[in-house]
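Beneath this line is the structure, given in structure tokens, with notes to follow.
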DNA sequence: GTCTATATGTGGATAGAC
DNA sequence: GTCTATCCACATATAGAC
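Protein chains in written order, with this note's numbering: chain G, 1 to 192; chain Y, 1001 to 1192.
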């Protein structure tokens, strides 16, 4: 009876890193196998196809976001929960400036191919949007909550694109700071 | 003495369209040659390498933006010039929602490869940012002009990413409308 | 200038020994 | 479960006839 090994985890981790850094299409299974220190042929024991591996990577990303949600749920104040989300992005701002938003850039890439897994990446982004919307509802913005959530994600994605394009982590940090200020200006009514 | 043919133009046009639709890496020279109705082997008479072709595509995009700049320069009011820029994006919103911003998504993709031409795409985006900044200077925002320009491009790129990810042209149109309102609220002082 | 045929390399995926 | 060797499709790029 076969013993569990951590090869699957190593492959997943390497794939996640490399897909973020180089993009899905520019990452070969050989690259991933090498980085994970797993022989190429062995990859197919754990993942039927390259797409299946990518699919597992996106699922893992979704898991991580779900974990973050869970952690943030312990915070009583919705505004603080959103701030916690922004803080997480700030912590990752170096990687985002270097390689773009892992979710956003993957969506952009996969949406240009008929990969079938593009829906999965979309769903993850939609999930983040929904979460933000819920927080704004909790902040008392009934009608506007959806628009505010969209507004925030638009800015975060845009900031990620520009920070990546210009290799400028500062730009991203400033936009996050800007959003934090904007958020704290959101009380009863607000101007989009 | 060889007569001019429009093959180069056809190749450039096909490459531009296909690279926008499918991305650079997912577009083969065979695809481009077929779309342009030019035999594959003949491509290399006009472009030494695939990179050279992509480079020409970006140059063409830069040319087109320069042309737009020139047209908008005829407008006396800076606010109207910016609105003209937004109008152009609105006209193209279907294509942007379907395939992403041609400049932004190309930057994102090329920045993940060591293609050498990624600088060219960056420069084009930077050029757009500079143009916007100049318009805000003309609007009397000396100090803030750069930040306002960044703010606007961030939102446009973010809206493009989300509209593309969600296949939602409406999202992009709404964000453009939102920016138009925001712009018309920009008079003496403003709140970022 | 134009086009066919092809060289060369790489990537995803499989076969099958161990 | 693990790993080597390899198949096959496709992509960039070149050779060379016309």
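Glycine included, every Cβ here is placed at the ideal spot set by N, Cα and C.
Using the Cα positions of residue i and residue j, report the straight-line distance between them to the nearest angstrom.
i, j, result
"residue 49 (chain G)", "residue 1034 (chain Y)", "29 Å"
"residue 1134 (chain Y)", "residue 1145 (chain Y)", "7 Å"
"residue 19 (chain G)", "residue 109 (chain G)", "11 Å"
"residue 1180 (chain Y)", "residue 136 (chain G)", "24 Å"
"residue 1 (chain G)", "residue 45 (chain G)", "Low local confidence applies: a pLDDT of 39 at residue 1 (chain G) is under 50, so the model's placement there is unreliable, and no value is given."
"residue 1096 (chain Y)", "residue 6 (chain G)", "42 Å"
"residue 41 (chain G)", "residue 1028 (chain Y)", "27 Å"
"residue 1024 (chain Y)", "residue 187 (chain G)", "45 Å"
"residue 1174 (chain Y)", "residue 1039 (chain Y)", "43 Å"
"residue 168 (chain G)", "residue 91 (chain G)", "15 Å"
"residue 66 (chain G)", "residue 86 (chain G)", "15 Å"
"residue 151 (chain G)", "residue 75 (chain G)", "23 Å"
"residue 1199 (chain Y)", "residue 1111 (chain Y)", "With chain Y covering 1001 to 1192 only, the question about residue 1199 (chain Y) has no answer from this structure."
"residue 37 (chain G)", "residue 10 (chain G)", "8 Å"
"residue 969 (chain Y)", "residue 1014 (chain Y)", "The requested residue 969 (chain Y) does not occur in the structure, where chain Y is confined to residues 1001 to 1192."
"residue 1132 (chain Y)", "residue 1060 (chain Y)", "20 Å"
"residue 17 (chain G)", "residue 1185 (chain Y)", "43 Å"
"residue 1032 (chain Y)", "residue 1098 (chain Y)", "19 Å"
"residue 1072 (chain Y)", "residue 1093 (chain Y)", "19 Å"
"residue 81 (chain G)", "residue 1160 (chain Y)", "26 Å"
"residue 142 (chain G)", "residue 149 (chain G)", "12 Å"
"residue 1138 (chain Y)", "residue 1089 (chain Y)", "21 Å"
"residue 43 (chain G)", "residue 1170 (chain Y)", "42 Å"
"residue 1057 (chain Y)", "residue 70 (chain G)", "46 Å"
"residue 30 (chain G)", "residue 1030 (chain Y)", "25 Å"
If we define contact as Cβ-Cβ less than 9 Å, is residue i a contact residue for chain Y?
i, result
"residue 116 (chain G)", "no"
"residue 109 (chain G)", "yes"
"residue 28 (chain G)", "no"
"residue 34 (chain G)", "no"
"residue 144 (chain G)", "no"
"residue 25 (chain G)", "yes"
"residue 65 (chain G)", "no"
"residue 125 (chain G)", "yes"
"residue 57 (chain G)", "no"
"residue 69 (chain G)", "no"
"residue 104 (chain G)", "yes"
"residue 37 (chain G)", "no"
"residue 158 (chain G)", "yes"
"residue 121 (chain G)", "yes"
"residue 1 (chain G)", "Only weak support is given to the placement of residue 1 (chain G): the predicted model assigns it a pLDDT of 39, under 50, and the question is left unresolved by the model."
"residue 183 (chain G)", "no"
"residue 162 (chain G)", "yes"
Between the options, which lies nearest to residue i when the distance is taken from Cα to Cα?
i, options, result
"residue 129 (chain G)", "G:105, G:78 and G:154", "G:154"
"residue 140 (chain G)", "G:89, G:83, G:106 and G:78", "G:78"
"residue 1104 (chain Y)", "Y:1014, Y:1030, Y:1182 and Y:1162", "Y:1162"
"residue 1026 (chain Y)", "Y:1106, Y:1047, Y:1081 and Y:1060", "Y:1106"
"residue 127 (chain G)", "G:143, G:185, G:56 and G:68", "G:68"
"residue 1055 (chain Y)", "Y:1071, Y:1143, Y:1120 and Y:1102", "Y:1120"
"residue 1047 (chain Y)", "Y:1008, Y:1080 and Y:1089", "Y:1008"
"residue 64 (chain G)", "G:80, G:149, G:102 and G:43", "G:102"
With a cut-off of 8 Å on the beta carbons, I'd call residue i and residue j a contact; round off their distance for me.
i, j, result
"residue 157 (chain G)", "residue 1100 (chain Y)", "The Cβ separation is near 11 Å, so there is no contact."
"residue 122 (chain G)", "residue 1165 (chain Y)", "5 Å"
"residue 1124 (chain Y)", "residue 1062 (chain Y)", "5 Å"
"residue 83 (chain G)", "residue 183 (chain G)", "7 Å"
At a Cβ threshold of 9 Å, is residue i touching chain G?
i, result
"residue 1099 (chain Y)", "yes"
"residue 1085 (chain Y)", "no"
"residue 1129 (chain Y)", "yes"
"residue 1204 (chain Y)", "A query on residue 1204 (chain Y) cannot be resolved here, the shown segment of chain Y reaching from 1001 to 1192 and no further."
"residue 1140 (chain Y)", "no"
"residue 1014 (chain Y)", "no"
"residue 1049 (chain Y)", "no"
"residue 1022 (chain Y)", "yes"
"residue 1134 (chain Y)", "no"
"residue 1091 (chain Y)", "no"
"residue 1173 (chain Y)", "no"
"residue 1187 (chain Y)", "no"
"residue 1165 (chain Y)", "yes"
"residue 1169 (chain Y)", "no"
"residue 1151 (chain Y)", "yes"
For residue i, verify whether its CB is less than 8 Å away from any heavy atom of the ligand HEM.
i, result
"residue 78 (chain G)", "The ligand content of the structure shown is nil, which means the ligand HEM is not present either."
Segment contact flag, the region 1114-1121 of chain Y with the region 1051-1070 of chain Y, C-beta cutoff 8 Å, min 3 pairs: yes
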